[in-house]
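In my numbering, each residue carries its 1-based index in the sequence shown increased by 15.
Ideal placement from N, C-alpha and C gives every residue a C-beta, glycine not left out.
For reference, the structure is listed below as structure tokens.
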Amino acid sequence: MKLKFKMPTSWNELTDIQLNKIAILFFSETSDILFDVALFKILNKYAWYKLKLRIKIKLLLKNVPMIDIKNLYLNFYTKQNLTRFISEVKANRKTYYAPADRLTNLTIGEFSMCEDLFLSFQNNINNKAAGYGVPALRWLAAVLYSDQKIIRADLDKNQLPFLVQDFKNVPVGFLYSMALSYKGCKDYIASLEKYKIIYPAPKTEDKPPKKLTSANINKLIMAVADNGIFGTYKENFTTNIYTFLDYYAEKLKTIPKDGTNA
């Protein structure tokens, strides 16, 4: 008997429901074998009422080693190329909309805040006292998700504490999926050839390469504003992330390798 399964081949092909379930699974403490089986079921849209699918999966697990089954969807472990977000979320009786794929409509100022918040999440993911980093994700959601669907409104940092209140009851699964999406977008930006000078590949030397980090993005915005490149600080803050990084990458190319000014 030949068993056939139809699964997504990349992260961006996942439905919102699948992405939400996988995010919960990825941040759980599920053991390796159970994790592999659970992921396989999610990718195949397993449900208790799908009798034929349940029988097929049971036969497969009984007759094929899990290590061989895992090869069918190994790319979900090795290449987390997720560059889209769950499209919208209901928060405090309002609808908030996701940023564009690959963060193409995010500003450099928003990106700066997102980097700090995502770092806070990563640093506290195992810290029970800090809510396992979930509070940072609620703030991240308030930055990333907008109540404007077509054109995002400029983010007012002073209003952020109030916006966060809308996200205090959104499901943790949604927040985890957003974290995976944000990381995938970050990785995509860093992988672009034109930004290699900003995000250099790791070297074998003990000294790590200099690269753009959350700690210095705001300083960079201020420095560019001082030079009047995109106008005032506020105008620089609201400059599109790709436009800003394009400028910064070109600027870095003019700096001699010894670090002195040309």
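Here E130 is buried: its Cβ has 16 or more other Cβ atoms, across all protein chains shown, within 10 Å. Within the model, the alpha-carbon separation for E265 versus G246 is close to 18 Å. As a beta-bridge residue in DSSP terms, N255 pairs with T122. Considering only R108, K109, K143 and E125, the residue with the shortest C-alpha distance to V158 is E125. Distances from the CA of L89 to each of V52, A151, E250 and T253 were compared; the closest alpha carbon is that of V52. With contacts defined by Cβ atoms closer than 8 Å, G188 and N78 do not form a contacting pair. Going by C-alpha positions, N96 is about 12 Å away from D116.
In this structure, the alpha-carbon of Y248 lies about 17 Å from that of A168. Collapsing the DSSP output to three states places T269 in coil. In the three-state reduction of the DSSP assignment, Y112 falls in the strand class, which pools E and B. Sixteen is the threshold: since fewer than 16 other Cβ atoms of the shown chains lie within 10 Å of the Cβ of G243, the residue is exposed. In this structure, the CA atom of L74 is about 37 Å from the CA atom of E103. In this structure, T119 is the residue among T98, K109, Y61 and T119 with its C-alpha nearest to the C-alpha of N255. By the Cβ criterion, the segment 162-178 is not in contact with the segment 133-148, since fewer than three pairs of Cβ atoms, one from each stretch, lie closer than 8 Å. The C-alpha of T110 lies about 10 Å from the C-alpha of D181.
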